[in-house]
Structure formats: structure tokens, C-alpha cells
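In UniProt numbering, the protein residues as written are 1 to 318.
Glycine included, C-beta positions come from ideal geometry on N, C-alpha and C.
On a predicted model such as this, the values are computed, not experimentally measured, just so you know.
Have a look at the structure below before the remarks.
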Amino acid sequence: MPLFWRIFALNAVVLAAATALLLWAPVTVSVPVVFTEALVLLGGLVVMLVANAVLLQVGLAPLDRLSRRMATVDLLRPGQRLPVAGQGSVSQLISAFNDMLARLEAERAASSTRALSAQEAERRRIAQELHDEVGQSLTAVLLELIRAAERVDDADLRADLHHAEQTTRDSLDEVRRLARRLRPGVLEDLGLVSALTALVTDLSTHTGLAILHEFQPGLPALDEQTELVIYRVVQEGLTNVARHAEATRVEITLRHSEGVVGLRIRDDGRGLGLAHEGAGIRGMRERALLVGATLDLGASPTGGTEVNLWVPLDRNGA
């Protein structure tokens, strides 16, 4: 039954019941109205209003649930659907809303795939230019400084040249480190575990964090996209810990069981609190959607933040 006729029928039932009571019940109205008669009429009016409110609340409850879901839906958390009951207009509206969510999630996943693929391609290009152009230029400057320091007799000038040489060497190391972060070549050459180990070692050295990692041996072979998603989630998670968490210890675990590869990043920092998710966390969620993974953030037993990523495997373990 359409919503209009449902509401009309509910009101008609209430009014018909009130009319029947007035017609057949031994109730009369005097002029002027007697107190007992006024009490009966007011009581009947209250009963009618309460009954009408209850019936309307029941009839419009699905629309209230729909409006709340529309206000809180997040395309980065797929699968948020409303239950559909019956075949009326409200049920058709909820079904249309669920179908619209499915289309929006599919379009969001496709657009995120294109955007992140373009981002990775741009990172590779920048990393290559840093390595080939800036890296080679700094190497040439470093060699010139070394030769100049060998030809100079003045001790003060030689010390200045050695200082410039060390500064150039540090800059060259920093450029190489940035290039590795932009394009993890070790991920392509040696695989996920080796790339994560190198990432953890590099970040621990530069941030001073105590990063403990446990990578279960015998991990199933993952495709290139999935390995890159796991690597970027670890990279972004550790970067967030170093910048915002005020933590001293981080634990990283990578395991697989029952058709799922699970990644966990746990720190002992100040936790999320009431902070809103920033671009980094939402970027992690978008990457998780690329491979059908689930990303969850919450409080860790150590008082900080815990990030969990579950990547489903197919029946063949790939």
C-alpha cells in the first residue's frame, strides 16, 4: 500500500472509532458543558492523539532510518545497507537507496583506482628524476669538492670544503631516501617482507621510534597491487605515529590464516581521541578498497592506536 493511503487509513481508523463511540455510547453533551462530559471528551481527544501518534511513528519509522543512514553514510566503508521489508512504496524507496549506494561505491572504487594509479605513476616519475637528475648532480658536486679539498693547502679552507662535502653527502643520502619512499624499488625486486623490513629500519633510524616487527614466514604470493597497498598502509601508519602519536614503541604484525592476510600496527601513543580522520587515514581506506580489503582503526591495549587491515585471499590462496 502506498504511504499516503497507509497514513490515511490509520487516521480513518482512529476517527471512525471515535465516531462510533459518539454514536452508540451513552454519552451526551449538554449546553453549557458539564465538567464530567468535558472530562470524557478531553480524555477521548487525548486517546485519539496518542493512538494517531503511535500509528504514524510506526508507519514513518522506515523513513526515519533512511534519513539517518543518508546523513551518516560513508562510501569508504562499503556495505552499509538498510533492510528491506514488504513491497510498498517505502520498501521500493529503500531498495532504490541501496542500489544507489552500490553504484556510488562502485564508481568511487573505480575513480580511486584511476587516481591512485596516476599517483603511483607520478611518484615513480619523480623518484626517477630525483635519482637520475638531482642524485647525479649532487654526486658530481661531491666529487668536485673532494678533488678541491685534496688540492688546497690552506687548513681553514680545507676544513670548509670538508664541511661542504659532508653536507652534500647528507643531502645525497636524503635524496636517495626520498626516492626510495616514493618508489620502493626493493618491493619490486625482493618482495613485500624485504621492503617492509627496509622501511621499518629506515623510519626507526630517522625517527628514533622503537619499531618491533613480526612477519609470519610462508606468506602466500600476493599480486603487485595488493603488496603495494600493504606497503603504503604501513608507510602511512608509521608516518602518522611519528608525526602525531607521541609514541615510543610500535609493533607491526603481518600474518595469514583462513583465507585472510592480516596486518596490524599498534603503538603506545596518545590515541585517536576525538580527532577526525585526516587525509592520510582516508587515503589508507581508499587503498584498502582497491583490493577489497577492510581497514579498521581503534584503541590499542597499550593505550595508543591500533590499525588493522584484512586482505581476503581467493580459494587458491592468491
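C-alpha gap between residue i and residue j, whole angstroms
i, j, result
"Val-175", "Leu-63", "57 angstroms"
"Ala-61", "Asn-52", "14 angstroms"
"Leu-289", "Ala-109", "7 angstroms"
"Thr-168", "Glu-150", "17 angstroms"
"Asp-173", "Leu-203", "14 angstroms"
"Ala-188", "Ala-198", "Note that residue 188 is Glu in the sequence shown, not Ala. Their backbone Cα atoms lie some 13 angstroms apart in a straight line."
"Leu-138", "Ser-171", "8 angstroms"
Buried/exposed call for residue i, threshold 16 Cβ in 10 Å
i, result
"Val-50", "exposed"
"Glu-258", "exposed"
"Met-100", "exposed"
"Asp-268", "buried"
"Leu-39", "exposed"
"Leu-104", "exposed"
"Pro-301", "exposed"
"Glu-227", "buried"
"Glu-286", "buried"
"Leu-196", "buried"
"Glu-129", "exposed"
"Val-58", "exposed"
"Ala-155", "exposed"
"Arg-68", "exposed"
"Met-70", "exposed"
Distance between beta carbons of residue j and residue i, contact taken as under 8 angstroms
i, j, result
"Val-260", "Pro-312", "6 angstroms"
"Leu-219", "His-256", "6 angstroms"
"Leu-209", "Val-234", "Going by Cβ atoms, the distance from Leu-209 to Val-234 rounds to 13 angstroms, so no, they are not a contact pair."
"Gly-303", "Gly-271", "6 angstroms"
"Leu-82", "Asn-98", "6 angstroms"
For residue i, the first and last residue of its enclosing beta strand (DSSP E)
i, result
"Leu-248", "It should be noted that the sequence gives Thr, not Leu, for residue 248. Segment: none, Thr-248 is in no beta strand (DSSP E) and carries neither H nor E."
"Asp-267", "260 to 267"
"Glu-277", "Glu-277 -> no beta strand (DSSP E), and no H or E assigned at all."
"Leu-212", "210 to 215"
Neighbourhood of residue i by C-beta distance below 8 angstroms, restricted to the same chain and skipping five residues each side
i, result
"Ala-164", "Leu-145"
Range of the contiguous alpha helix (DSSP H) that encloses residue i
i, result
"Thr-302", "Thr-302 -> no alpha helix (DSSP H), and no H or E assigned at all."
"Ala-115", "89 to 129"
"Ala-195", "192 to 207"
"Ala-155", "155 to 182"
"Glu-150", "135 to 151"
"Leu-228", "224 to 240"
Proximal residues to residue i (C-beta, below 7 angstroms), its chain only, five neighbours per side dropped
i, result
"Trp-310", "Val-260, Gly-262, Ala-293 and Thr-294"
"Gln-92", "none"
"Arg-158", "Ala-149 and Val-152"
Closer than 7 angstroms: residue i CB and nearest the ligand ATP heavy atom
i, result
"Asp-267", "For the ligand ATP, the structure offers nothing, since it holds no ligand at all."
Own chain partners of residue i with C-beta closer than 6 angstroms, once the 5 adjacent residues on each side are dropped
i, result
"Arg-264", "Thr-253 and Asn-308"
"Val-134", "Val-175"
"Gly-298", "Glu-306"
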